[in-house]
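Below is one structure; the comments refer to it alone.
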Amino acid sequence: MKKNLSSVFIFSLIIITSCTKIAITDIGSGLIPPIDNVNTFDTTLDVQTFNILSDSFRISKYQEMVLGNIENDPLMGKTKAIVNAEFKPAYYPFYFPVSKDSLKLDSVVLVLSYQGLWGDSTNPIHLKAYEISQSSKLKADSIYPVSAVMKTAGLLGEKIITDPRRLTDSVKAFSEDAINQIRIPLSTAFGNKLLKQFDSTNAYLSDDQFASIFRGISIVPESGSNTLLRINLNDTNSKVALYYKYKKRDSTGNDTTLIAYFRPNGITSGASNNIIRNRAGSQSAQYLNNLPTIQDSLLFLQAGQGNYVRIKTPGINTLSNRIVHRAELIMEQELDNATFDGIFTAPNLFLCATSTHIDSGDYRFYIPKDIVATGQGGQVENLSTFGGNVIYKTDPSGKKIASYNFNISRYVQNIILGKQAVYDLYLFSPVVDYVYLGLGNTSGFNQISSTPFNAPACGRVRLLGGNSLQQARKMKLRIIYSALQ
Numbered sequence: 007m008k009k010n011l012s013s014v015f016i017f018s019l020i021i022i023t024s025c026t027k028i029a030i031t032d033i034g035s036g037l038i039p040p041i042d043n044v045n046t047f048d049t050t051l052d053v054q055t056f057n058i059l060s061d062s063f064r065i066s067k068y069q070e071m072v073l074g075n076i077e078n079d080p081l082m083g084k085t086k087a088i089v090n091a092e093f094k095p096a097y098y099p100f101y102f103p104v105s106k107d108s109l110k111l112d113s114v115v116l117v118l119s120y121q122g123l124w125g126d127s128t129n130p131i132h133l134k135a136y137e138i139s140q141s142s143k144l145k146a147d148s149i150y151p152v153s154a155v156m157k158t159a160g161l162l163g164e165k166i167i168t169d170p171r172r173l174t175d176s177v178k179a180f181s182e183d184a185i186n187q188i189r190i191p192l193s194t195a196f197g198n199k200l201l202k203q204f205d206s207t208n209a210y211l212s213d214d215q216f217a218s219i220f221r222g223i224s225i226v227p228e229s230g231s232n233t234l235l236r237i238n239l240n241d242t243n244s245k246v247a248l249y250y251k252y253k254k255r256d257s258t259g260n261d262t263t264l265i266a267y268f269r270p271n272g273i274t275s276g277a278s279n280n281i282i283r284n285r286a287g288s289q290s291a292q293y294l295n296n297l298p299t300i301q302d303s304l305l306f307l308q309a310g311q312g313n314y315v316r317i318k319t320p321g322i323n324t325l326s327n328r329i330v331h332r333a334e335l336i337m338e339q340e341l342d343n344a345t346f347d348g349i350f351t352a353p354n355l356f357l358c359a360t361s362t363h364i365d366s367g368d369y370r371f372y373i374p375k376d377i378v379a380t381g382q383g384g385q386v387e388n389l390s391t392f393g394g395n396v397i398y399k400t401d402p403s404g405k406k407i408a409s410y411n412f413n414i415s416r417y418v419q420n421i422i423l424g425k426q427a428v429y430d431l432y433l434f435s436p437v438v439d440y441v442y443l444g445l446g447n448t449s450g451f452n453q454i455s456s457t458p459f460n461a462p463a464c465g466r467v468r469l470l471g472g473n474s475l476q477q478a479r480k481m482k483l484r485i486i487y488s489a490l491q
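Anchor point for the sequence shown: position 154 equals 160 in the working numbering, and the numbering is continuous, going up by one each time.
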């Protein structure tokens with residue numbers, strides 16, 4: 007029986023070779039044992055790695071945003087995240103049930119939907135809410151870059167969150183039992199503006215009128231924390247809650263308490279997330295300021311905007327004809343400070359191709375053959391097998407580290423066959439991002455995934471580069487193959 011199987015295998019190999027259609031088996035990262043004098047081998051190729059600065063990044067009002075400060079990260083420096091948003095009435099012309107003379111303010115609160123945090127959960131966080139200046143304007147149809155700044159006018163209110171871990175606790179407000187709320191009390195003056203100064207003859211007459219008189223709210227963190235709060239403006243928890251009273255027109259004359267909600271409106275409201283990086287004095291600054299032609303032994307990646315890693319694979323062109331069973335780009339985290347690495351967790355990554363020209367960072371496209379982009383809008387269907395999610399393992403000292411493997415087997419196989427050009431690779435940590443289907447395909451610019459890879463600015467990692475002196479752990483291309491005789 008073994009002899010018959012051997013004959014079938016050799017015959018199949020002859021057919022495959024003569025047609026130059028070499029199949030790629032899905033065997034994971036293990037080795038195929040020798041069978042009938044056909045051996046499987048394992049080799050690695052060196053790669054060249056370069057840290058590249060890039061600040062091209064936008065956050066849609068429909069995405070999760072971040073709010074807060076990272077004040078002390080020795081690897082990446084400082085981050086400050088500000089949220090700007092318009093909160094609007096439910097309809098126009100908007101009015102209260104009685105005349106303004108009969109209305110009495112109880113309180114007004116800015117409420118933000120809390121989705122979690124990244125960083126040090128034990129640090130107090132001081133948030134201030136400002137009215138956006140008349141000289142700035144949020145546009146409902148704009149997706150703002152994280153560099154966009156909104157000028158502010160007067161302070162509306164502030165809140166010190168002494169223990170961010172308690173933000174998931176139940177909140178019992180008037181006519182509402184809720185969880186996951188950030189509540190910032192706003193001033194009496196602002197409450198009375200909404201209740202008595204604005205009416206259906208001015209601000210509440212129409213959306214254009216309201217937007218021209220009240221530009222929105224900018225929520226700004228004060229320095230001192232090491233935490234980013236994740237918020238969702240599209241959740242019903244996000245609103246300005248105006249609590250007010252008026253006397254009933256009946257025999258009792260008792261006060262009636264009501265609430266008016268002003269919410270971010272997905273159609274007519276604008277919003278932006280201003281994320282400011284300051285890497286001065288950090289370790290990453292030493293590497294990110296290198297010339298883009300200098301190889302780096304340490305690589306730095308942050309979720310969202312900031313930088314990417316360019317990877318060159320010059321050794322692929324030297325490979326002789328062979329059957330590639332698995333080709334994977336593998337990389338490992340290089341730990342720094344155990345305390346900081348524990349709170350500043352590693353992000354998910356994505357790998358695509360780019361032109362070999364040094365200034366071509368914006369021309370990213372899917373790696374040929376290994377990305378299945380048949381989903382709606384050209385989204386990647388095989389992310390789970392392609393790679394990019396954090397894989398935790400232990401380093402030689404027994405410490406937990408992040409690692410990543412990217413399966414580029416078909417790409418490598420087609421290069422060996424002479425059917426595929428060699429491209430530079432582009433490694434980054436996206437939130438919601440877009441990539442071209444192929445080189446020069448300007449009509450096929452597609453969202454990589456229907457769900458975010460990471461929350462904005464939430465995630466950072468230091469990786470060993472291709473020229474690291476740690477030979478066993480440096481970034482490399484591993485290839486498992488069978489030789490053709």
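Heads up, the beta-carbon is just placed ideally off N, CA and C, and yes, glycines get one too. Note that this is a predicted model, so its numbers are computed, not measured.
Three-state secondary structure assigned by DSSP to residue i
i: residue 170; result: helix
i: residue 281; result: strand
i: residue 162; result: strand
i: residue 359; result: strand
i: residue 215; result: helix
i: residue 421; result: helix
i: residue 347; result: helix
i: residue 221; result: coil
i: residue 30; result: Per-residue confidence for residue 30 stands at a pLDDT of 42, beneath the threshold of 50, marking its modelled position as unreliable; the derived number appears in the next sentence. Of the three classes helix, strand and coil, the one that applies to residue 30 here is coil, per DSSP.
i: residue 500; result: Past the edges of the chain, shown from 7 to 491, lies residue 500, and the structure says nothing about it.
i: residue 179; result: strand
i: residue 458; result: coil
Rounded straight-line distance, which links the Cα of residue j to that of residue i
i: residue 417; j: residue 318; result: 14 angstroms
i: residue 116; j: residue 278; result: 17 angstroms
i: residue 75; j: residue 361; result: 36 angstroms
i: residue 127; j: residue 174; result: 12 angstroms
i: residue 102; j: residue 251; result: 11 angstroms
i: residue 202; j: residue 106; result: 5 angstroms
i: residue 34; j: residue 332; result: Its pLDDT being 40, under 50, residue 34 is placed unreliably by the model, and the measurement read from it follows with that caveat. Between residue 34 and residue 332, the C-alpha separation is close to 7 angstroms.
i: residue 80; j: residue 289; result: 6 angstroms
i: residue 312; j: residue 160; result: 31 angstroms
i: residue 225; j: residue 419; result: 52 angstroms
i: residue 138; j: residue 228; result: 17 angstroms
i: residue 483; j: residue 53; result: 7 angstroms
i: residue 307; j: residue 462; result: 13 angstroms
i: residue 390; j: residue 375; result: 16 angstroms
i: residue 458; j: residue 436; result: 8 angstroms
i: residue 580; j: residue 124; result: The shown model of the chain, from 7 to 491, leaves out residue 580, and the question about it has no answer.
i: residue 441; j: residue 84; result: 28 angstroms
i: residue 292; j: residue 315; result: 15 angstroms
i: residue 394; j: residue 309; result: 13 angstroms
i: residue 476; j: residue 51; result: 15 angstroms
i: residue 130; j: residue 236; result: 15 angstroms
i: residue 39; j: residue 345; result: Only weak support exists for where residue 39 lies, its pLDDT of 49 falling under 50; the coordinates are left without a value.
i: residue 31; j: residue 330; result: Note that residue 31 scores a pLDDT of 42, beneath 50, so its modelled location is shaky; the value from the coordinates is reported in the next line. Looking at the two C-alpha atoms, the distance is approximately 8 angstroms.
i: residue 488; j: residue 412; result: 20 angstroms
i: residue 254; j: residue 108; result: 10 angstroms
i: residue 298; j: residue 287; result: 20 angstroms
For residue i, the nearest candidate out of the options (CA to CA)
i: residue 215; options: 225, 204, 223 and 224; result: 204
i: residue 402; options: 471, 478, 355 and 280; result: 478
i: residue 275; options: 263, 173, 145 and 453; result: 145
i: residue 114; options: 69, 150, 246 and 220; result: 246
i: residue 234; options: 149, 107 and 350; result: 350
i: residue 409; options: 200, 179, 471 and 168; result: 471
i: residue 154; options: 162, 143 and 164; result: 143
i: residue 404; options: 456, 188, 93 and 341; result: 341
i: residue 373; options: 354, 347, 348 and 427; result: 427
i: residue 95; options: 109, 120 and 217; result: 217
i: residue 243; options: 230, 119 and 270; result: 119
i: residue 63; options: 474, 488, 439 and 486; result: 439
i: residue 167; options: 158, 181 and 188; result: 188
i: residue 370; options: 321, 432 and 179; result: 432
i: residue 326; options: 240, 377, 422 and 284; result: 422
Residue(s) in a DSSP beta bridge with residue i
i: residue 266; result: 248
i: residue 371; result: 359 and 442
i: residue 132; result: 166
i: residue 409; result: 338 and 397
i: residue 110; result: 251
Short Cβ contact (8 angstroms threshold) for residue i with residue j
i: residue 452; j: residue 379; result: yes
i: residue 280; j: residue 90; result: yes
i: residue 397; j: residue 339; result: no
i: residue 97; j: residue 211; result: no
i: residue 193; j: residue 163; result: yes
i: residue 232; j: residue 77; result: yes
Proximity test, Cβ basis, 8 angstroms: residue i and chain D
i: residue 246; result: Given the protein chain composition of this structure (a single chain), no chain D is represented.
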